[in-house]
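Asks:
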Amino acid sequence: MPKKRQQQAEEQQPGVEEGTPQKAEEQQVPVPKKRKQQAEEQQPEEQKAIEQRASPKGATDQPSAEQPTPQTGEGEQQPVPGTEQPATAEQRQGEEPQAKPAPIVVDKRTKEEKRKIAQDPAATDETVVLPVDNGAAVLDSDKDADNAGGERAREARRKQREKLRAQEKNVAPPTDDAAAQAEIPAEVRQAAPKRIAAAMKEEGERVEAAPAFAVPETTNIVNNTVINNTTVNNTTNVTEVQVVERVDDRVVLGVGDQIFVRGDDRPRLRRDSEESYYDQLSRGRVRETIVRPGGYQIVTVYDRYGNILQRSRIDRDGNEYVLIYAPDYQEERPAIIDVGYELPPMRLTIPVDEYIVDYSEEPDLDYYEFLSEPPVEQVERVYTIDEVRNSARLRDKVRRIDLDTIHFATGSAEVSMSQAKTLRKVADAMQKILDKDPGETFFIEGHTDAVGSDRSNLVLSDERAESVAVLLTEVYGIPAENLVTQGYGERFLKIRTQEPEEENRRVTIRRVTPLVRPVAQR
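Just so we're aligned, residue 1 is where the sequence shown starts under my numbering, counting upward by one.
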């Protein structure tokens, strides 16, 4: 169940206010930094020994704990590590889409009423919220609707759920991954192995360097449409995408009044590899092959925008484990798709405490069992990992762990080694799942609170997700290829407040395997 927020709200928030010094003994795991400025500062040998296990190669020192950075905002407390100072308001004028303030949502339900709904969400058509002061919607797609349309959106979605309830009767959640994919046609699953093999064997033209991906130009994501997602199919509405800012290997894109960030996972995946090479394929696709120590390979096929079409791990005996695969759409589509517009509002049918786990509240939970649980509703088809990135509605299909033992200081993406150690149980569960199936994929989301600019928070949240992924790989041995990261800034607040809030500065883990590849049917 969500944490003891009622008692902790007053205690936690001051704990990592902007500029609060860290304890001297808590060495930091630095966030991945700007690669062209790597290794410029010398470090004490003990500090280096710690950082070599849990930080990207060449990452530089963080500022001294004795010299806290002046307070400004969540994403602006200090410069985004390794980047230039954020643009001034004058420089940003006309570049960053000006987001409208989120509508005020007045929830008149008592805490006890919210608590009862959280225990049995299937019994209501209303938006399920965390039963705490200023608790936000439980489902991220409901958060999007609240941000876009406020109370009007809530009422519209309530009516849609009410209609769905009458049509669907009682729909039990799937019992396993295979049951979740039962609606996917058998011919689609049967065709997958041949198509995967074809892309792996296709003759390509070897290129000398890692190719630069094109910036997406069109999307079906438009303003406020999320509140009508059961009646409007937005794949017919194409919106132009604008480049707002480039920060290292990330690009911030603007669509209407929204912004989002696209990163490049290739440097993280190539780290410690023996070699990597690229082949240019037909239709603008690129095949990347990374050779790891021990002779196994990671082979990824990208489209021209860097969207992952498929990814496989091939061991030295030639055994292939498919991590990510979705049909290659050859028809004209916008470059960035939110397929959630095509789906009805989700009805959560399991208790909230079985859907979200706050890590600090469940130290004795069997995290292997929790992460192994299937999606909470049917999966209509196999989706691309980038469709999962872009759709809160898709991500809502799978359970999540909120890593609330990692407390990010305002404006920081760094993790102390003492906090990194608290992730052992989740990391061990992930490794146990991978021992059973090396083709599993875990999705790591970064989030900030609402202090600071949207743009800075967006980049910061992506760095938070990446720093946790690097930590899981370097400290706990979780292979980088099994981890996909994405930052969402302040878009999905757990606590609806514009003030500094520790619970909003978090990282979330979901197992998304049944969304992004076919599973064996019984």
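C-beta: ideal position from N, C-alpha, C; glycine also.
DSSP three-state label for V296, please.
Replies: According to the sequence shown, residue 296 is Tyr rather than Val. Y296 falls in the coil class under three-state DSSP.
Asks: If you count every other CB in all the chains shown that lies within 10 Å of the CB of Q160, and 16 or more means buried, which is it?
Replies: Its Cβ being crowded by 16 or more others within 10 Å, Q160 is buried.
Asks: On the three-state DSSP scale, how would you describe G135?
Replies: The answer is strand: DSSP assigns G135 an E or B state.
Asks: Beta-carbon within less than 6 Å of D366's beta-carbon, same chain only, minus the 5 sequence neighbours each way: which residues are those?
Replies: Contacts found: none.
Asks: Roughly how many angstroms lie between the CA atoms of M430 and K436, to the nearest whole one?
Replies: Each residue's alpha carbon lies about 10 Å from the other.
Asks: Are the segment 398 to 408 and the segment 505 to 518 touching by the rule of at least three beta carbon pairs closer than 8 Å?
Replies: Segments in contact, yes.
Asks: With three or more beta-carbon pairs closer than 8 Å as the criterion, would you say the segment 134 to 141 touches the segment 347 to 356?
Replies: A contact exists between the segment 134 to 141 and the segment 347 to 356.
Asks: Who are the near neighbours of V106 in its chain, counting only those whose CB is closer than 8 Å to its CB and skipping five residues on each side?
Replies: Around V106: E151.
Asks: Taking the alpha carbon of L348 as the point to measure from, which residue in A153, P174 and E112 has its own alpha carbon closest?
Replies: Minimum Cα distance to L348 is reached at P174.
Asks: Would you report the Cα separation of T473 and P131, rounded to the nearest angstrom?
Replies: Cα to Cα, T473 sits roughly 35 Å from P131.
Asks: Leaving out five residues before and five after E501 in sequence, what residues of the same chain have Cβ atoms less than 6 Å from its Cβ?
Replies: For E501, where only same-chain residues beyond five positions count, the Cβ hits under 6 Å are D449 and I495.
Asks: For the alpha helix (DSSP H) containing V512, name the first residue and the last one.
Replies: Taken as a continuous stretch (DSSP letters only), V512 belongs to no alpha helix (DSSP H), as it is neither H nor E.
Asks: Just to confirm, are R283 and Y296 a CB contact at a threshold of 7 Å?
Replies: No, they are not a contact pair.
Asks: Three or more C-beta pairs under 8 Å: does that hold for the segment 450 to 467 against the segment 478 to 490?
Replies: With a cut-off of 8 Å, the segment 478 to 490 and the segment 450 to 467 count as touching, because enough Cβ pairs lie within range.
Asks: So, do the segment 202 to 214 and the segment 401 to 420 have three or more beta carbon pairs nearer to each other than 8 Å?
Replies: Short answer: they don't touch.
Asks: With a Cβ-Cβ cutoff of 7 Å, do V255 and V261 count as a contact?
Replies: Not in contact: V255 and V261 (Cβ atoms no closer than 7 Å).
Asks: Taking 7 Å as the threshold (C-beta atoms), are V241 and T219 in contact?
Replies: The answer is yes: Cβ separation under 7 Å.
Asks: Run the proximity test for D279: is its beta-carbon closer than 6 Å to any non-hydrogen atom belonging to the ligand ADP?
Replies: The model depicted lacks the ligand ADP and carries no ligand whatsoever.
Asks: Let's test the definition: count the other Cβ atoms within 10 Å of the Cβ of K424 and tell me whether it reaches 16, buried, or not, exposed.
Replies: The question names Lys, but residue 424 is Arg in the sequence shown. So R424 counts as exposed.
Asks: Am I right that D402 and D358 are in contact with their C-beta atoms under 8 Å? What's the rounded C-beta distance?
Replies: Between D358 and D402 the Cβ distance is about 5 Å, and since that is below 8 Å, they are a contact.
Asks: Any chance you could list the beta strand (DSSP E) runs of at least 3 consecutive residues sitting entirely within the segment 298 to 374, in chain order?
Replies: Listed in chain order, they are 308 to 314, 320 to 325 and 356 to 358.
Asks: Where does the unbroken beta strand (DSSP E) through T485 begin, and where does it stop?
Replies: L483 to G487 is the extent of the beta strand (DSSP E) around T485.
Asks: Give the secondary structure of R505 by DSSP, where H, G and I count as helix, E and B as strand, and everything else as coil.
Replies: R505 falls in the coil class under three-state DSSP.
Asks: Alpha carbon to alpha carbon, how far is P121 from R270?
Replies: Approximately 43 Å, taken between the alpha carbons.
Asks: Please return the same chain residues whose Cβ sits closer than 7 Å to the Cβ of E162, not counting the five positions on each side in sequence.
Replies: If we look at E162 and ignore the five residues flanking it on each side, its Cβ neighbours are D125.
Asks: In chain order, which alpha helix (DSSP H) runs of at least 4 residues are fully inside the segment 384 to 438?
Replies: List check, alpha helix (DSSP H) in window: 385 to 390, 392 to 395, 417 to 420 and 424 to 436.
Asks: Note down the Cα distance separating I298 from Q280, rounded to an integer number of angstroms.
Replies: One C-alpha to the other measures close to 16 Å.
Asks: Could you tell me which uninterrupted alpha helix (DSSP H) segments, each at least 4 residues in length, are contained entirely in the segment 254 to 286, listed from first to last along the chain?
Replies: For the segment 254 to 286, whole alpha helix (DSSP H) runs of length 4 or above, ordered along the chain, are 266 to 270.
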